[in-house]
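Line by line, the protein sequences are chains E and Y. Heads up: the first sequence begins at 6 in the working numbering, then just goes up one per residue. Heads up: the second sequence begins at 6 in the working numbering, then just goes up one per residue. For reference, the structure discussed in these notes is given below.
There are 2 protein chains.
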Amino acid sequence: MDSSEPTSQPKRHAELPGPPPEAGALPHVVIVGAGFGGLEAAKALAGAPIRLTLVDRHNHHLFQPLLYQVASATLSPADIAAPIRHILRGQANLEVLLGEVVRVDPAGRSLRLAEGRSLDFDFLILATGASHSYFGHEDWAEHAPGLKTLEDALEIRRRFLLSFERAERETDPALRRALLTYVVIGGGPTGVELAGTLMEMARLTLPREFRHIRADRARVVLVEGGPRVLPAFAPELSEQARLSLARIGVEVRLGQPVTGLDAEGVTTGGERIAARTLIWAAGVAASALGRDLGAALDRSGRIRVAPDLSLPGSAHVFVIGDLAACAQDGGVLPGLAPVAIQQGRQAAAAIRARLAGMAPAPFRFRDRGMMATIGRGAAIAQWGRWQLSGGLAWFAWLFIHLMLLVGFRNRQAVFMEWLFAYLTTQRRARLILGGPRAPGG
Amino acid sequence: MDSSEPTSQPKRHAELPGPPPEAGALPHVVIVGAGFGGLEAAKALAGAPIRLTLVDRHNHHLFQPLLYQVASATLSPADIAAPIRHILRGQANLEVLLGEVVRVDPAGRSLRLAEGRSLDFDFLILATGASHSYFGHEDWAEHAPGLKTLEDALEIRRRFLLSFERAERETDPALRRALLTYVVIGGGPTGVELAGTLMEMARLTLPREFRHIRADRARVVLVEGGPRVLPAFAPELSEQARLSLARIGVEVRLGQPVTGLDAEGVTTGGERIAARTLIWAAGVAASALGRDLGAALDRSGRIRVAPDLSLPGSAHVFVIGDLAACAQDGGVLPGLAPVAIQQGRQAAAAIRARLAGMAPAPFRFRDRGMMATIGRGAAIAQWGRWQLSGGLAWFAWLFIHLMLLVGFRNRQAVFMEWLFAYLTTQRRARLILGGPRAPGG
């Protein structure tokens, strides 16, 4: 046993409303972040002899794989998000706290919330995820928003829909062209899915509704610095995806990193593309919380964790999901939902083992396959050496994503939206909300 | 014929993308505002030998009667709004323009858009609606938002949901009480519907999900300066509504105008109510556009129109909906959707009459009844001397509002949300999005 083993007298989180008296003697486990990893860890700790606090800065758990469909006006935010406290309402040993954690002190076993309060813990699971990295060009962020939160998705939806409205009333042909040019930077799943769905919207949903522009002549450019799209998949599937994108009209540029970016376009491969709508799907940076822990970080700011997912030197702190750099088979596991979910389960098991006086088992990710969709009727999927593409992969994608959504009602609502969108090519959430509306810039 | 009759050589709206050449000789009709009145006028002008431009500062038509259900997390914005250009996509003589009109020159037959462009017209229909009036206390607006737009509804939803989250982590009992006190100011339909639905949410939807507060003990206060709620209805129905509100726990205070209001509560009837969530449903002010027209205004800033709904002295300009003060039977018509819809149809008919060289008929509103809902299973309705309240009125309300929604898919989606909410007491859109999240103030 190391010195960070929980003591028999757990601290109380003094400044917050106190726990019921009988709970005071139980070890306090805090989970920060209610994404796929944090939520799974919380569920896996149901019934454990602990007090459990789940802290998140949002009130909702977000099903990120479908976020691009909010950005493209197919789904509403409520279709892919549910209140965390509603999901976990039946779990007696748990409370949910809306708040932002700004500092963690592993040795002192406490963390600090943005409003100045602090929270003590016996065990901690850090699952705060990742945000965007602009590779040192932080000024690019305002021109090319990324897609991580519902707010991001609504902002991308707003910019995309607004560009057509501005083009409709623009008289300068060059500016009109720039307004109808969309550049998605990054050829990972988010970039591919966004480019595909934006192109389809321009070609199928909008055309008959404008008088001065041809929405179906909009130009969507997908820029990828590496040699292929969807590099996590087998090369043949990447090529399938590239062909599917090209077939619906997306211009795919491979091996061309973006070297310049401003409000009026991007520079890539030595060429300037005039475009008023830019979307960033390229870089990922782990949540800043990791930086202050004194742990070793990888290039993306992820924390290099021990084989049992604990923070090296702090066996009572676990790091999971996109915040963790977890080595396996000579590589590092990618930031995917299945990895986070399995790690959440593992961290919960590790805490249960510790409470029982046993040593946690090392984590091992079991790959159950991955998939990405390119547009109407096209997707790719890969399970180990099995590969699938085309219509069947697309149906599998639809079915699996429906089943993974939280709640019967959300599944039913998303199914209806998809059916409606497929049959009519319409999208129901074409709303321009908030933000500056009018100016042509 | 007066001097403002359209000339045979209509002007072209020079700075915007030009109309197709063959359309140049047609009279240009501009409608400003795509609410109930403007949209109806546009539809009623389908097939007319005109060029028609519909200008709105939002890209969507909003079904305002259900806006309070977005504020109370039952419906999503996309359920009650649809893109204007999608609704009118099949109308060949029409184009839709996203833009904000800042000035109208009736004599010069032109109007100016916010981005500096101008638009000439032969006929104009002004249907820009109303916003809130704080009766000279404009500083109250930031503390007590009103409910007119989707953005307003999302802001009220955010404040309401956030107040429970803050109360859950608050240790000071007085502050916690203030966080769980909700004051709705104004006893018209919006105030009554909001108060009822907020109370139900606190009592039915939220209770099991918090550990430190009793959501069902939240206090909802409805403050009305006049002697009864829903004053447009018969006194017996007002009393029914008051009883229904009291039965579900809403505290109704009649005859008590608000005399003070700040971030921490309101003063009414000489008493201070400490409350952190205030909602304004009291005053209505017509859109500011009316002020510059040189026309006579009523107390709410509405334009006093001629019997044919034209602007006195400018027979080619029509004013409809909440912007118009239209006298009938010794009173002035209220700002209700049915009035706006009938006026929209009338303004379209007046323009068609003028184009045919005939004089427009005077407008007469036909009252087809009105209704308001108080909560689960309770509503009141009135058709002339017929009155209805209770469960049957509620079913009639549900059915009629479903049928009035634009689009089969929206009807189907709203029906499913209502069924789900009724059967489970859950609401699917409980998302806190945007705005400041953390601080306890």
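We put the beta carbon where it would ideally sit given N, CA and C, even for glycine.
query: Between residue 36/E and residue 66/E, is the Cβ-Cβ spacing less than 7 Å?
result: Not in contact: residue 36/E and residue 66/E (Cβ atoms no closer than 7 Å).
message: At 3 residues or longer, what runs of the beta strand (DSSP E) sit wholly inside the segment 37-124 of chain E?
response: Entirely contained in the segment 37-124 of chain E, the beta strand (DSSP E) runs reaching 3 residues are, in chain order, 56-61, 65-67, 86-88, 99-103, 106-110, 115-118.
message: Less than 7 Å between CB atoms is the rule here; does residue 89/E satisfy it with respect to chain Y?
response: No, residue 89/E does not count as interfacial toward chain Y.
query: Contact check, residue 326/Y vs residue 351/Y under 8 Å by CB: the rounded distance?
result: Not really, about 11 Å apart at Cβ, beyond 8 Å.
message: Would you say residue 26/E lies against chain Y (beta-carbon separation less than 7 Å)?
response: For residue 26/E, the predicted model reports a pLDDT of 48, less than 50, meaning its position is unreliable; a value from the coordinates is still stated below. False, the Cβ-Cβ gap to chain Y never drops below 7 Å.
message: Can you look up residue 437/E in the DSSP assignment and give me helix, strand or coil?
response: In this structure, residue 437/E counts as coil in the three-state DSSP scheme.
message: Counting beta carbon pairs with one atom in the segment 172-186 of chain Y and one in the segment 276-283 of chain Y, are three or more of them shorter than 8 Å?
response: The segment 276-283 of chain Y, when compared against the segment 172-186 of chain Y, does touch it at the 8 Å Cβ threshold.
message: Can you tell me whether residue 408/E is helix, strand or coil according to DSSP?
response: Looking at residue 408/E - three-state DSSP - the assignment turns out to be helix.
- prompt: Does the beta-carbon of residue 206/Y have 16 or more other beta-carbons within 10 angstroms, so that it is buried, or is it exposed?
  reply: Flag for residue 206/Y reads buried.
query: Helix, strand or coil for residue 26/E per DSSP?
result: Confidence is the limiting factor: at residue 26/E the pLDDT is only 48, short of 50, which leaves the residue's position unreliable, though a coordinate-based value still follows. Helix at residue 26/E.
message: Would residue 410/E and residue 416/E qualify as a contact pair, given that the criterion is a beta-carbon distance under 7 Å?
response: In this structure, residue 416/E lies closer than 7 Å to residue 410/E by Cβ.
message: If you measure between the beta carbons of residue 249/Y and residue 405/Y, is that distance less than 7 Å?
response: Not a contact, by the Cβ cut-off of 7 Å.
- request: Please compile the residues from chain Y whose C-beta is within a distance smaller than 9 Å of the C-beta of residue 421/E.
  value: Going along chain Y in sequence order, the residues near residue 421/E (Cβ under 9 Å) are 414, 417, 418, 421.
- prompt: So, helix, strand or coil for residue 183/Y, using DSSP?
  reply: The answer is helix: DSSP assigns residue 183/Y an H, G or I state.
- prompt: Checking contacts by CB at 7 Å: is residue 220/Y closer than that to chain E?
  reply: Not a single CB atom of chain E sits nearer than 7 Å to the CB of residue 220/Y.
- prompt: Can you find a CB in chain Y that lies within less than 7 Å of the CB of residue 82/E?
  reply: Cβ-Cβ to chain Y under 7 Å: yes for residue 82/E.
- prompt: Roughly how many whole angstroms lie between the Cα atoms of residue 113/E and residue 123/E?
  reply: Rounded to whole angstroms, residue 113/E and residue 123/E show a C-alpha spacing of 11 Å.
- prompt: Does the beta carbon of residue 156/Y sit closer than 7 Å to a beta carbon anywhere in chain E?
  reply: Chain E, which has a Cβ nearer than 7 Å to the Cβ of residue 156/Y, makes this yes.
task: With 7 Å as the C-beta to C-beta threshold (strictly closer), list the residues of the segment 422-434 of chain Y near chain E in chain order.
output: Using a CB distance below 7 Å, the part of the segment 422-434 of chain Y facing chain E consists of 425, 433, 434, ordered along the chain.
task: Would you please verify whether the beta carbon of residue 205/Y is less than 7 Å from any beta carbon of chain E?
output: Using beta-carbon distances, residue 205/Y does not count as an interface residue toward chain E, since no partner is under 7 Å.
message: Against residue 437/Y, what residues of chain E qualify as contacts under a CB-to-CB distance less than 9 Å, listed in chain order?
response: In chain order: 63, 64, 65, 88, 103.
- request: Using a threshold of 7 Å, state whether the C-beta atoms of residue 426/E and residue 79/E are closer than that.
  value: Yes, Cβ-Cβ distance for residue 426/E and residue 79/E is below 7 Å.
task: Under 9 Å between beta-carbons, which chain E residues line up against residue 403/Y? List them in chain order, please.
output: Near residue 403/Y there are no residues of chain E at all, since even the closest Cβ is about 19 Å away, more than 9 Å.
- request: Output yes if chain E places a C-beta closer than 7 Å to the C-beta of residue 216/Y; else output no.
  value: Against chain E, the CB of residue 216/Y has a partner CB under 7 Å away; the residue lies at that interface.
N- and C-terminal bounds of the alpha helix (DSSP H) containing residue 357/Y: Annotation: the continuous alpha helix (DSSP H) that includes residue 357/Y extends over 342-360.
query: If contact means a Cβ-Cβ distance below 7 Å, which residues of the segment 159-176 of chain E contact chain Y?
result: Of all residues in the segment 159-176 of chain E, 166, 170, 174, 176 have a Cβ within less than 7 Å of some Cβ in chain Y.
task: Answer yes if the segment 104-111 of chain Y comes into contact with the segment 124-134 of chain Y, meaning at least three C-beta pairs across the two stretches below 8 Å, and no otherwise.
output: Yes: at least three Cβ pairs fall under 8 Å.
- prompt: Ordered along the chain, which non-local residues of its own chain (more than five positions away) have a Cβ less than 7 Å from that of residue 274/Y?
  reply: Here the set comprises 258, 261.
task: Indicate whether at least one CB of chain E lies closer than 7 Å to the CB of residue 100/Y.
output: Closer than 7 Å: yes.
message: I'd like the list of long-range same chain contacts for residue 150/E, defined as Cβ closer than 7 Å, with 5 residues on each side in sequence excluded.
response: Within the same chain, residue 150/E has close Cβ partners 157, 160, 161, 284, 285.
- prompt: CB-CB under 8 Å to residue 87/E, same chain, minus the five flanking residues each way: which ones, in chain order?
  reply: Scanning its chain for C-beta atoms nearer than 8 Å, with the 5 sequence neighbours on each side dropped, one finds around residue 87/E the residues 65, 66, 411, 412, 415, in chain order.
Chain Y residues whose Cβ lies nearer than 8 Å to that of residue 94/E: Neighbours of residue 94/E across chain Y, judged by C-beta separation under 8 Å: 213, 214.
field: Under the three-state DSSP convention, the category residue 288/Y falls into
entry: In the structure shown, residue 288/Y sits in a strand (DSSP, three-state: E or B).
task: For residue 308/Y, write down the residues that DSSP places opposite it in a beta bridge.
output: Looking at the DSSP assignment, residue 308/Y forms a beta bridge with 302/Y, 329/Y.
message: Please report the straight-line C-alpha distance between residue 16/E and residue 31/E, rounded to a whole angstrom.
response: In this prediction, residue 16/E has a pLDDT of 40, which is less than 50 and means its spatial position is unreliable; nothing more can be read from the coordinates.
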